[in-house]
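Below you'll find the structure, written out as structure tokens, and then a few comments.
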Amino acid sequence: MTIEGITQSVILRYFETMNAGDYDATAALFTDNGVMQPPFEEPIQGQEAIATYLKAEAIDMQLSPKTGIVEPQENGNTQIQVKGRVQTSLFSVNVGWIFLLNLEQRISFVRIKLLASPQELLSFRR
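Here our numbering is used: position 55 in the sequence shown is 44, and no number is missing along the way.
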């Protein structure tokens, strides 16, 4: 897996484990009380809750990250923004991920944003 502008192994591993459907391994990349903020959903906190959520909601998703930007923070943490696409059996959409890595290079937070037009978003309603 390569993402232009990204060399952090934890970020590369996030996308590799997601695409492999190994959601327990994905959740293990987070800190113990790490948070995942999916689009249109409440934040999910903790490794176990993240794994459970992914097992229910991320089945058959294929993530195709393309480019990223690394932004060191004053407190020693690192913010990483990645843009790419997600393909499901029902749709394909541009997505942005904003990761916050702690000093130990573990994910403390990820926000997942759909980068779609309002018209595209209306077609995703459940």
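Where is the CB? At the ideal position from N, CA and C, for every residue including glycine.
Where residue 39 sits in the DSSP three-state scheme: helix
Where does residue 7 land, buried or exposed, given buried means 16+ other C-beta within 10 angstroms? buried
Within 10 Å of its beta-carbon, does residue 32 have 16 or more other beta-carbons around it, so buried, or fewer, so exposed? exposed
What's the gap between the Cα of residue 49 and the Cα of residue 15? 15 Å
Please go through the stretch 2 to 34 and give each complete beta strand (DSSP E) segment of 3 or more residues, from N-terminal end onward. 19 to 26
Helix, strand or coil for residue 58? Go by DSSP, reduced to three states. strand
So, at 8 Å on beta carbons, what are the nonlocal neighbours of residue -3 in its own chain, with the 5 sequence-adjacent residues on each side left out? 59, 67, 69, 90, 94
Find out if the Cβ-Cβ distance for the pair residue 87, residue 27 is shorter than 7 Å. no
Can you name, in chain order, every residue of its own chain whose Cβ lies under 6 Å from the Cβ of residue 98, other than the five neighbours on each side? 24, 89
My output table needs one value for residue 0: the three-state DSSP class, helix, strand or coil. helix
Whole angstroms is fine: what's the gap from residue -10's alpha carbon to residue 74's? 14 Å
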